[in-house]
Every structure is written in structure tokens, then in C-alpha cells.
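One structure is given below, encoded as C-alpha cells.
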Amino acid sequence: MKTRTRQNFIAMALLACAMCAQAQTSPKMKMTTDIPPQITTPDSVDTRLGTLRFFDGFPDDATVEKVYDNLDFSRGVQAFLNAMPGASVYACREGMRSQGADNQTVLIMETLMDSKSLFLTANSETVYSLMWLDLKDGPLVIETPPNILGIIDDHWFNYVGDVGNAGPDRGKGGKFLLLPPGYQGDVPTGYFVFRSATFGNIFFWRGFLVNGDPRPAVESTKKFARVYPLAQAKNPPPMKFVNVSGKAFNTIHATDFSFFEEINHIVQEEPTAALNPETLGLLAAIGIEKGKPFAPDARMKRILTEAAAVGNATARAIVFRSRLKDTPLFPNSAWSTAFPGGSHEFLSQPGVRSLDARTFFFYYATGITPAMAAKMVGVGSQYAVAFVDSQGKALDGSKTYKVHLPPNIPAKDFWSFVVYDNQTRSMLQTDAQFPSLGSQSKGIVINPDTSADVYFGPTAPAGHEANWVQTVPGKGWNVVLRLYGPLQPWFDKTWKPGEIELVK
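The working numbering puts the sequence shown at residues 9 to 512.
Shown next as C-alpha cells:
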């Protein structure tokens, strides 16, 4: 131990002598020219990492340690942000599998989804059906019900295809063929064909209430929904439907060190061709690489634990305090879009991806499809999100707020507010089964001029009980306004919702 200490002392002394010598002007040699100062490195540089020291550009040991710690940390943060879509799908799969989902099992919310189930910004007005599709044994045939909105996304949350009203069947129901990565076999006729880059795929669709009743949508799904291997098309196995309304299970990705373990599962399971080399290289740099164990040492685990915490904080800042210029829906308004950029690939211009727009969406929501960016009057749905009140302050569950929706609310079908928990980005868990209110809500009071006033707070304001959504003291919340069958005044912005005003 004394010998090592002596050696370290000698090394430091030699380095100090060398640096002292360097401090003197180097002799001018025959080939010496003027070196542009912008390409040289000073002997010391003050940075956010502390002072970095060099001998004629050669970093000392302390500098090397600092910059490698920072490099591994920064790569961990970027891995958290860039791989988040995959972690979200993985968490959905694990949650769905906990309830029995597989190729022949549909999880269906027969009496709608409530706040016990942890899903990113789900709604309480449509009938959700959820499946996990595994293509490792070959192509799957998918038969869909009529009049649904359905999406298939791959394991990295890349878009695969739409079914239903926004799909090629145009809402009539149809037969689809989902092909696995690298499939080279025959493709029979008679199907709408989708190809996936991953073996694992998430498939969910929404059916619609009929006069407030979910049963017609449930019956239609049970009658028409089928998934089976192409190889068994002549004798399909039976389907199983599991009612998961009111079930407590989680589909939201981790935000601690275990986030990286979730990502490792995907990397090991899926083809490398399913993700771009840049992101795979980023993951490999922190120890996540196909065919190799993810086993960080104590130092790396400490760094990645901090990286996950900072990555999570970064995502929260991007969502709750967005600085994206196209996030606000209206000037000087708290109402924003949940889909900044208007592209399902989050391209701000051809070939340029808005990284913060992608983080915003996938931290707050699930399910990616071009239909979300489409502006179709009277078709589908449009969204407005608010995280703060009219004064720019975070929404507080202990306070009471009011929103005024002006006359002629531009929704052909119906409109609704759903309140979400800032922590989980899922429906806020209150005393009510559904933390929501809308034009279909029983007893809601619509003003004579067709406008509406909605209240949010821990207790119902006297005389406004029918137009109240409960919040929870001590908890923050946010809200989504959904317009189903949005009309032209929404798209041309001649109609806008009132701000969320604190009731004093």
C-alpha cells in the first residue's frame, strides 16, 4: 500500500513538473507555424464538471474520471428519453399479460375503463379492447368488428397499421394479415396486409357507446373479433374474452433503474433491424446489447440510477412546462396539444425529428397512428390538454376551478373532460368511479345558449353538483378535453374553450 502511494506521489510530481515546463514557452522549431488558438486545449478549463486539467492537451486522471462519468450519465439520460416508447409498450405487455392477454385472449372493458387500471391518459367514454400479438410462430390473421378505432404498433411503438374507421376496411370490419419480421413466405389474397418490424405487437381498439350503453360495442367485439395463426385459418382456435373493467393493474413503464431492465428485455427479444443503429449504439454504450447480459457494476448502476431520475425529471419538464413553440393551441392560453408537431413520426420537417415532441407524447400518452395528426371534420376525435390554470400555476387538488365552454361546442357526437393524476398520467383516483364529465353525463346542466360550465375541486360547489369533477387535496392533476366528431370551428380556431379559472 505504501509502495502504491509512493508511486502515485511520484507520478503526480512528474506531471506537475511537466506542466510547469509546458507553462514556459516551447522552443520555436524549424517547422513551427502559428497554430489557430481555437483548435488547442488550455491547460485548465472551468466547466459544470469542475476544473478539467491537461498537459499540452493530455487529460489528467481526475479529468478522465469526470468526463467518463459524465459521458455514461449523459448517455443514460438520452437512452431514457429515446427508448421510452419501447419501455411503454413493454409495460403495457406486462400489465396485459398479468390479466391473461395473448394471441387468442382479448382484454375488454365491458363497463368502461375506470381509475383502478393504470393506463396513460385513457378515456372513460369508449369500450377498450386490448391484445398482445406474438408473431414468433408466424403470420397472424386478424378479423375486426365494424365501427371501431383500432391501432397496431410494434414493440418499439412504431406504427404498423390502423383497423376500423381509420383503416383500409373503412369501419366495415375486415380481415387483416400481420406478417412477422423478415417474412418471405407466400402472402395469400383476401387480406389487408401489414408488416411488423418486431415479433411483439400491441393491438387495441375502441368501440362506441350507443345511447350511453357499452353493451352493443361489447357484443360486436365478441361476435366479430378473431385472431389466429395463418397456418390454422381452416380451423381457428377459439377466442377468449376477459372483462377487466375495474381491475387494478399497471401498464406504465418504470422511471427508476428498472427502466433499463425493461429496455434490455426488448433488445434481447426483438431483431436489431427493428431499431436504428444510432439508438442501439446508445444502448450498447450503457451495457444493453443483444446476446449479452445486462450486468452493470456498482459504479455504472449508480450512474444509471441517477440518469433515470434526471431523464424522468426531463420528461416531466417537457410535458408540464413545454417550451415547444407549437404546443399551445391558442395564443396566451394554457390549452395545449398532446400531439405537438402534427406528425406521427414527430418530424418537424422532412428528415428532422423533434425529440422533445416525441418525449412529450410518449411520456403522456399511448398508441401512435397517422390518424392522430389527420384533420378530419366530423370524424374521430380531437384533444386539448391543460396542466396549469389561467395564471400559469399548477392545478391543485385542494382548490376549486371553473371552465366555461362557449356556445356551439364543436363536437358532432359528444364532448368530455377527463382528469388525470400528474404522477401516473392515468385517471385520477377519487371517490367517483370515473373522474370525468361530458355531454353524455347523466344530469349535466347545459346552459340555454348551449354553453357549459364545468367545475373541478375537492367538494362540489353548491348548486353545481351535476357539473362537477372531484379532485384530491394534496395531489396535482391535469385535464384533457375531448371532442368526438370535431367540427370546423375547432380546426379554424374560431371556437376555443375558456381558461381554467380559480374560484375564490
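Note that the Cβ used here is the ideal one computed from N, Cα and C, for glycine as well.
Residue i vs residue j beta-carbon contact at 8 Å
i: Val135; j: Pro222; result: yes
i: Phe425; j: Asp122; result: no
i: Gly182; j: Thr229; result: no
i: Ile326; j: Asp397; result: no
i: Leu495; j: Ala460; result: no
i: Ala346; j: Phe369; result: yes
i: Lys383; j: Phe499; result: yes
i: Gly484; j: Ala402; result: yes
i: Tyr463; j: Pro469; result: yes
Residue i burial status per 10 Å Cβ neighbour count (16 or more: buried)
i: Arg101; result: buried
i: Val218; result: exposed
i: Val487; result: buried
i: Ala31; result: Below a pLDDT of 50, predicted positions are generally treated as unreliable, and Ala31, at 46, falls in that range; the measurement from the model is reported next regardless. Exposed is the call here.
i: Leu79; result: exposed
i: Tyr371; result: buried
i: Phe267; result: buried
i: Glu118; result: buried
i: Asp162; result: buried
i: Val235; result: buried
i: Arg321; result: Here the sequence assigns Ala to residue 321, which means Arg is not the residue at that position. Exposed, since its Cβ has fewer than 16 Cβ neighbours within 10 Å.
Residue of the options minimising C-alpha distance to residue i
i: Phe265; options: Ile311, Glu277, Gly146 and Val252; result: Ile311
i: Gly446; options: Thr458, Trp423 and Gln437; result: Trp423
i: Lys255; options: Gly465, Met104 and Ala460; result: Met104
i: Phe62; options: Thr71, Thr55 and Arg56; result: Thr71
i: Arg361; options: Ala130, Arg324, Ala321 and Asn90; result: Asn90
i: Gly493; options: Ala394, Pro469, Gln437 and Gly386; result: Gly386
i: Phe395; options: His352, Arg83, Tyr409 and Ser52; result: Tyr409
i: Lys242; options: Leu148, Ala292, Ala379 and Asp110; result: Leu148
i: Glu270; options: Ser52, Val226 and Ala316; result: Ala316
i: Arg331; options: Thr367, Ala282 and His352; result: Thr367
i: Asn166; options: Pro378, Glu277 and Glu227; result: Pro378
i: Gly146; options: Glu314, Phe202 and Leu238; result: Leu238
Residue i versus residue j - alpha carbon distance
i: Asn258; j: Val252; result: 12 Å
i: Ile454; j: Gly350; result: 32 Å
i: Val477; j: Gly359; result: 43 Å
i: Pro348; j: Met247; result: 38 Å
i: Leu185; j: Ile296; result: 32 Å
i: Pro44; j: Phe328; result: 45 Å
i: Trp164; j: Gly208; result: 9 Å
i: Pro2; j: Arg324; result: This structure cannot speak to residue 2, because the chain is shown only from 9 to 512.
i: Gln112; j: Leu138; result: 11 Å
i: Phe232; j: Ser82; result: 49 Å
i: Ala29; j: Lys300; result: Legend: pLDDT at Ala29 = 43, less than 50; position of this residue unreliable, value from coordinates given subsequently. Between Ala29 and Lys300, the C-alpha separation is close to 47 Å.
i: Ser96; j: Thr41; result: 56 Å
i: Lys512; j: Ala292; result: 54 Å
i: Ala197; j: Tyr191; result: In the sequence on display, residue 197 carries Thr and not Ala. C-alpha separation (whole angstroms): 16 Å.
i: Gln448; j: Ile159; result: 25 Å
i: Arg307; j: Asp77; result: 9 Å
i: Gly388; j: Val427; result: 20 Å
i: Ala303; j: Ala262; result: 18 Å
i: Leu143; j: Leu187; result: 7 Å
i: Ala281; j: Gly215; result: 34 Å
Nearest-angstrom beta carbon gap, residue j and residue i [assumed within contact, 8 Å]
i: Ser344; j: Leu337; result: 6 Å
i: Leu290; j: Ala87; result: 5 Å
i: Gly375; j: Thr479; result: Wrong, their Cβ atoms sit about 26 Å apart, outside the cutoff.
i: Asp177; j: Phe200; result: 7 Å
i: Ile260; j: Ala99; result: 6 Å
i: Ser444; j: Ser125; result: The Cβ separation is near 14 Å, so there is no contact.
i: Ile452; j: Asn416; result: Actually they do not touch by this definition, with Cβ atoms about 17 Å apart.
i: Gly169; j: Gly179; result: Not a contact, Cβ separation roughly 15 Å.
i: Val411; j: Gly506; result: 6 Å
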